[in-house]
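The listed protein sequences correspond, in order, to chains A and B.
Numbered according to our numbering, the first sequence spans residues 26 to 386.
Numbered according to our numbering, the second sequence spans residues 537 to 830.
Positions of the beta carbon are idealized from the N, C-alpha and C atoms, including for glycine.
Since the model is a prediction, treat every value here as computed from it, not as a measurement.
Here's the structure, in structure tokens; my notes come after.
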Amino acid sequence: MTMQTLPRRLGVAVVTAVIVWFLSVKLDTFRDYQIAEVAIEVTAVAGLTVLTGLSGQISLGNGAFMAIGGYTTALLLLHLNWPFIATLVASAVVTAVAGAIVGVAAARLRGPYLAGATLMLGVALPALASAYQGIFGGDQGLNVTFTTPAFLGAAFPLTRWQAWVSTVVALVTLVLLANLCYSRIGRNWRAVRDDEVAAALDGVNVAVARILAFVVSATCAGLAGSLLAIVTSLVAPGAFTITLSIALLTAAVIGGLGSLPGALWGSLLIVLVPTYVTDVATSHGLSSSAGSNIPIAAYGAVLILVMLAFPQGIQGGLMRLLALFTGPEPKARTSRDAPAPHVTPPADEMSASHHEKEGTT
Amino acid sequence: MVEFLQFTLSGAVFGMIYAVVALSLVLIWRGTRLLNYAQGGMAMFTTYVALEVIYRTGSYWAGFVVALATGVVLGAVCQLTIIRPTLNKPPLNAVIVTIGLLTLLEGLAGIFYGGQYRSFPTAFSITGLKVGTTPLGVSRYDVFVAAAVLFTTLALAVAFRYTSAGLRMRAAAFNATIARLAGIRVARVLTVGWALAGLLGALAGVLVSPSTFLYPNSMDTIFVYGFTAAVIGGLDSPVGAVVGGLLLGIALSYAGGYLHSGADLVPMVALGILVLVLMVRPDGLFSATQVRRV
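Next comes the structure, spelled out in structure tokens:
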């Protein structure tokens, strides 16, 4: 089975790449930009879905890691003129170190306490950029210059190149994460998530597993931040607000926690729903304040409805639909991969057992 | 020395606001084991309602009372309609639903009122009080804020301690199954918890808005610090929420006052305090020592 999964994953990645290539060539500049946006989002969300879904730790501060990645890339491009690929690697390394530091601090924390600490991290770190204007350019941020390579010709649209680069990074990240999840490390994470004591008794180093999950998720966020820097040509504190961190977690849960395809569905939803509603609103000639706020309200309503309609996220809903057509066979697979450790006991005892557990954040 | 006194007092006033927000989070956490990320958004919304009423009637107190009443209704309605269906689902679902609610409320506020900053009236004078010639750094209005928070907190504490409704709420928070066996309608108690939290949030919104202005995201920062205060104090402890709020308010006031380019570093100081407290006590200052079950 393991022998077949690697070629299969590579196959899926190649097919996706071809689809994205086709779309990017056929569609206009704005859609290219959206492809890049989705790719960036997926990269960050995939890391978070692994952290929260597999290792059972929550982070409301992954936007901070994106900021670290973005600023690393911007500073290296600006001062040292490194090639982008080198800055990408450097951003990954720097955020991995940052992730390790946060992971060490986080390893003792549970549920809402971890959520609170990471939320504060997400607020505090981007504010540093405002505090140290000399290095980070203050609220205006740093400009990033990124151009198409010479061999594509001068007429090649920059956004298409940005979409390609982002997609390649996203796909490579996804393939690596998929392999990681089914390796010994991934199994350790799931063991730690389901029962720390049992995992420790089986020889899993709980603290190391938890810290490693933070490193992986931070690295993904760092890559995403690096991509964001070159796609938006700017890194500024305003790009890494707490709203971003919360949107990442939202995408992970809405898509289906712990599922990499889910990370894609979630990212598509949070990038496309607001744009789609804006298009509809402006085509109906609504005033600007209503026009700019209706997408926000609609996005909120969609979050609530999706969560109530698909408790296991979009991926969970799709799997259930699939099971309706093909019979119960693939269900066995989903239930093994299912993110939530909370197998539903009868409704009555649930709320009771809830209270003894650490509960929600 | 005078400066120190001013920072302490004004910090304590802001701490009172954080304490109310923290208290509202603790109320919901104890009942439903859920952190309500929409708490700030609900407070923002009820404050817009207050502003509307104040414009229409010209009376601050009418707006004040209507805001608190709206908070109660909004809390109860939200719990009944969108939170209750998530209670038997994976725990993060409820979190995302509250985030969705926050986004929805902020969007609605933007649609109805636009994004611009609005000033919010105060009930009392905001000129600084003085003892002799020494300015204290707080105004008559700040004294009202502190008094309103203290009164509400004490009233809640008394209600929880001495009324049968309070006893039912404590029982439901302590153990839902046993409470249910004792004939307590736990589901209803949870709704009441959300209603009370809505009231506290509305109070915080009305009290803080003169100093922060009112706009769709105006309560975000207050919520983050309220959350931090609740985590510092320990999410199960109402006393912890108040102590955490005061501690954070005063510490952040010192940071903003004494540090160079303090305003941008305030969140970093808050993070530092939070990490420090959690390193020593991972479940907050006032947590009861808990045995984790295997």
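Is the beta carbon of PHE763(B) closer than 9 Å to that of ALA558(B)?
For this step, residue 558(B) is matched to residue 22 along the second sequence. For this step, residue 763(B) is matched to residue 227 along the second sequence. Yes, the Cβ-Cβ distance between ALA558(B) and PHE763(B) is below 9 Å.
In chain A, what lies closer than 9 Å to LEU807(B) by C-beta?
Stepping through the second sequence from its first residue, residue 807(B) is reached at position 271. Under the 9 Å cutoff, chain A gives ALA142, MET145, LEU146, VAL148, ALA149, LEU150.
Pick helix, strand or coil for ARG676(B), following the three-state DSSP scheme.
On the second sequence, residue 676(B) is found 140 positions in, with the first residue counted as 1. It is helical.
Please name the residue, chosen from LEU333(A), GLU66(A), GLY341(A), that lies closest to ALA188(A) on a Cα-to-Cα basis.
Within the first sequence, numbered from 1, the residue matching residue 188(A) stands at position 163. Answer by Cα proximity: GLU66(A).
Quick one, are the C-beta atoms of LEU771(B) and TYR138(A) less than 9 Å apart?
The residue given as residue 771(B) occupies position 235 in the second sequence. The residue given as residue 138(A) occupies position 113 in the first sequence. Contact flag set, yes.
Please classify PRO336(A): does DSSP put it in a helix, a strand, or coil?
Along the first sequence, read from residue 1 onward, the residue named residue 336(A) stands at position 311. Looking at PRO336(A) - three-state DSSP - the assignment turns out to be coil, as it is neither helix nor strand.
Quick one: does SER155(A) have its CB under 9 Å from some CB of chain B?
Stepping through the first sequence from its first residue, residue 155(A) is reached at position 130. Yes, its Cβ sits closer than 9 Å to a Cβ of chain B.
Between the beta-carbon of GLY166(A) and the beta-carbon of GLY250(A), is there less than 9 Å?
Residue 166(A) sits at position 141 when you count from the first residue of the first sequence. Residue 250(A) sits at position 225 when you count from the first residue of the first sequence. Result no, Cβ atoms of GLY166(A) and GLY250(A) do not sit closer than 9 Å.
How is the alpha helix (DSSP H) around LEU743(B) delimited, first residue to last?
Translated into the one-based positions of the second sequence, residue 743(B) becomes position 207. Run containing LEU743(B): 722-748, per the alpha helix (DSSP H) assignment.
Whole angstroms is fine: what's the gap from SER595(B)'s alpha carbon to GLY607(B)'s?
Residue 595(B) sits at position 59 when you count from the first residue of the second sequence. Residue 607(B) sits at position 71 when you count from the first residue of the second sequence. Answer to the nearest angstrom: the Cα atoms are 19 Å apart.
For ALA38(A), collect the residues of the same chain with a Cβ closer than 6 Å to its Cβ; drop the 5 residues on either side in sequence, then sort them by chain order.
Mapped onto the first sequence, residue 38(A) falls at position 13. LEU196, VAL200, listed in sequence order.
Would a check of beta-carbon distances place PHE763(B) closer than 9 Å to chain A?
Numbered from 1 along the second sequence, position 227 holds the residue referred to as residue 763(B). Yes, PHE763(B) counts as interfacial toward chain A.
Measuring CB to CB, does GLY325(A) end up less than 9 Å from LEU638(B)?
As a first step, residue 325(A) is located in the first sequence; it is residue number 300 there, counting from the start. As a first step, residue 638(B) is located in the second sequence; it is residue number 102 there, counting from the start. Contact flag set, yes.
So which residues on chain B does PRO137(A) lean against when the C-beta distance must stay under 8 Å?
Here the question's residue 137(A) lines up with position 112 in the first sequence. Per Cβ cutoff of 8 Å: TRP565, LEU571, VAL767, LEU771.
What's the call for ASP53(A), buried or exposed, on a 16-neighbour Cβ count within 10 Å?
Locating residue 53(A) in the first sequence gives position 28, where the first residue counts as 1. By the 10 Å Cβ count, ASP53(A) comes out exposed.
Distance, Cα to Cα, ARG569(B) vs VAL305(A)?
The residue given as residue 569(B) occupies position 33 in the second sequence. The residue given as residue 305(A) occupies position 280 in the first sequence. One C-alpha to the other measures close to 39 Å.
Out of curiosity, what's the CA-to-CA distance linking VAL70(A) and VAL327(A)?
Counting from 1 along the first sequence, the entry for residue 70(A) is found at position 45. Counting from 1 along the first sequence, the entry for residue 327(A) is found at position 302. Rounded to the nearest angstrom, the two C-alpha atoms are 18 Å apart.
Just curious, the alpha helix (DSSP H) that GLY664(B) is in, first and last residue?
Indexing the second sequence from 1 puts residue 664(B) at position 128. Element bounds for GLY664(B): not the alpha helix (DSSP H) but the beta strand (DSSP E), 664-667.
Taking the straight line between their C-alpha atoms, what separation do you get for PHE176(A) and VAL760(B)?
Counting from one through the first sequence, the residue named residue 176(A) turns up at place 151. Counting from one through the second sequence, the residue named residue 760(B) turns up at place 224. Between PHE176(A) and VAL760(B), the C-alpha separation is close to 49 Å.
According to the neighbour-count rule (16 or more other Cβ atoms, all chains shown, within 10 Å of its Cβ), is SER191(A) buried or exposed?
Here residue 191(A) corresponds to residue number 166 of the first sequence, with the count starting at 1. The residue in question, SER191(A), is buried, as its Cβ has 16 or more Cβ neighbours within 10 Å.
Using three-state DSSP, classify PRO320(A) as helix, strand or coil.
To locate residue 320(A), count along the first sequence from 1; it is residue 295. Helix, per DSSP.
List the residues of chain B whose Cβ lies closer than 8 Å to the Cβ of THR300(A), in chain order.
Your numbering for residue 300(A) matches position 275 in the first sequence. Neighbours of THR300(A) on chain B: none; closest Cβ ~15 Å, over 8 Å.
Does chain B have any CB closer than 9 Å to the CB of GLN187(A)?
The residue you call residue 187(A) lines up with position 162 of the first sequence. Closer than 9 Å: no.
Answer yes or no: does any C-beta atom of chain A fall closer than 9 Å to that of ILE635(B)?
Against the second sequence, residue 635(B) aligns to sequence position 99. Output row for ILE635(B): interface = yes.
Within a Cβ cutoff of 8 Å, which residues of the same chain sit near ALA225(A), ignoring the five residues on either side of it in sequence?
For the purposes of this step, residue 225(A) is taken as residue 200 along the first sequence, with counting starting at 1. Counting only Cβ-Cβ distances below 8 Å, and skipping sequence neighbours, we find VAL231.
My assumption, with CB atoms under 8 Å, is that ILE632(B) sits in contact with MET332(A). Please give the rounded CB distance.
Here the question's residue 632(B) lines up with position 96 in the second sequence. Here the question's residue 332(A) lines up with position 307 in the first sequence. With 8 Å as the limit, ILE632(B) and MET332(A) qualify as a contact, their Cβ atoms being about 5 Å apart.
Chain A beta carbons: is any one of them nearer than 9 Å to that of LEU804(B)?
Along the second sequence, read from residue 1 onward, the residue named residue 804(B) stands at position 268. Residue 804(B) is actually Met in this sequence, not Leu. It does; some Cβ of chain A falls within 9 Å.
Along the alpha helix (DSSP H) that carries MET552(B), what are the first and last residues, could you check?
Here residue 552(B) corresponds to residue number 16 of the second sequence, with the count starting at 1. Counting along the chain, the alpha helix (DSSP H) containing MET552(B) begins and ends at 538-568.
In the DSSP output, what is PRO286(A) paired with across the bridge?
Mapped onto the first sequence, residue 286(A) falls at position 261. Answer is none; PRO286(A) lacks a bridge partner.
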